[in-house]
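Numbering (our numbering), first residue to last: 162 to 328. Each residue gets a CB set at the ideal place from its N, CA and C atoms; glycine is no exception. A short write-up of the structure that comes next.
Following this line, the structure appears as structure tokens:
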């Protein structure tokens with residue numbers, strides 16, 4: 162068991178080292194993919210061309226903020242909201258997320274509480290549970306359109322035969 166755990170860690174460490182520093186283009190493409198997977202999207206029946214990204218993984222949050230920095234989105238346009246179960250350590254989670262993003266509590270909207278359902282067996286409990294963080298960019302319709310267009314460019318680039326896009 163211990164040998165298997167060590168092997169897992171070695172594989173993960175080697176993969177981490179193989180990535181290295183990201184170029185601005187790589188971060189741009191990665192951020193678009195993250196947003197399209199985890200961000201809110203506009204629908205023909207529900208127009209919402211605004212940027213809102215929700216996740217519970219601190220690494221995803223850091224990468225998303227680095228991506229917004231790359232795009233020139235000022236931190237003064239960013240607001241946050243903690244989303245968490247009402248039975249959790251709410252003040253602790255609020256402090257955790259504020260410290261992680263380096264923002265004053267004034268940049269946070271009111272925390273959204275999820276009602277406890279005793280019939281649900283939740284695995285995400287304990288000291289390490291901090292809910293999710295929503296990152297909302299104010300006045301972001303144009304940014305949303307750029308993200309959507311970039312996503313469709315990625316899809317096209319990935320599905321065209323090699324060399325066909327440059328012709």
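Item, Value
"For the segment 212 to 247, list the alpha helix (DSSP H) runs that are entirely contained and at least 4 residues long, ordered along the chain.", "219 to 231"
"Closest by CA to residue 221, which one among 261, 211, 253?", "261"
"Please list the terminal residues of the continuous beta strand (DSSP E) segment that includes residue 183.", "Neither: residue 183 is in no beta strand (DSSP E) and is coded neither H nor E."
"Helix, strand or coil for residue 207, going by three-state DSSP, please let me know.", "strand"
"So, residue 269 versus residue 241, is the Cβ gap smaller than 8 Å?", "yes"
"When you compare the segment 195 to 209 with the segment 176 to 183, are there three or more beta-carbon pairs, one atom per stretch, that lie closer than 8 Å?", "no"
"Under the assumption that residue 211 contacts residue 293 (Cβ atoms under 8 Å), give the Cβ distance between them as a whole number of angstroms.", "Not confirmed; about 18 Å, so no contact."
"Which two residues bound the contiguous alpha helix (DSSP H) that contains residue 259?", "251 to 262"
"Going by the CB atoms, is the gap between residue 213 and residue 295 shorter than 8 Å?", "yes"
"If you run the structure through DSSP and keep just helix, strand and coil, what is residue 320?", "helix"
"Beta strand (DSSP E) containing residue 295: first to last residue?", "293 to 298"
"Given residue 299, which residues of its chain have a CB within under 7 Å of its CB, disregarding the five upstream and five downstream residues?", "238, 240"
"What residues in its chain sit with their C-beta under 8 Å from that of residue 257, if we drop five residues either side in the sequence?", "291"
"If the criterion is Cβ atoms closer than 8 Å, does the pair residue 315 and residue 191 meet it?", "no"
"Looking only at C-alpha atoms, which of 309, 218, 186, 163 sits nearest to residue 201?", "309"
"For my contact list, residue 227 and residue 188 are in at a C-beta cut-off of 8 Å; report their separation, rounded to the angstrom.", "7 Å"
"Tell me whether the beta-carbon of residue 276 lies closer than 8 Å to the beta-carbon of residue 247.", "yes"
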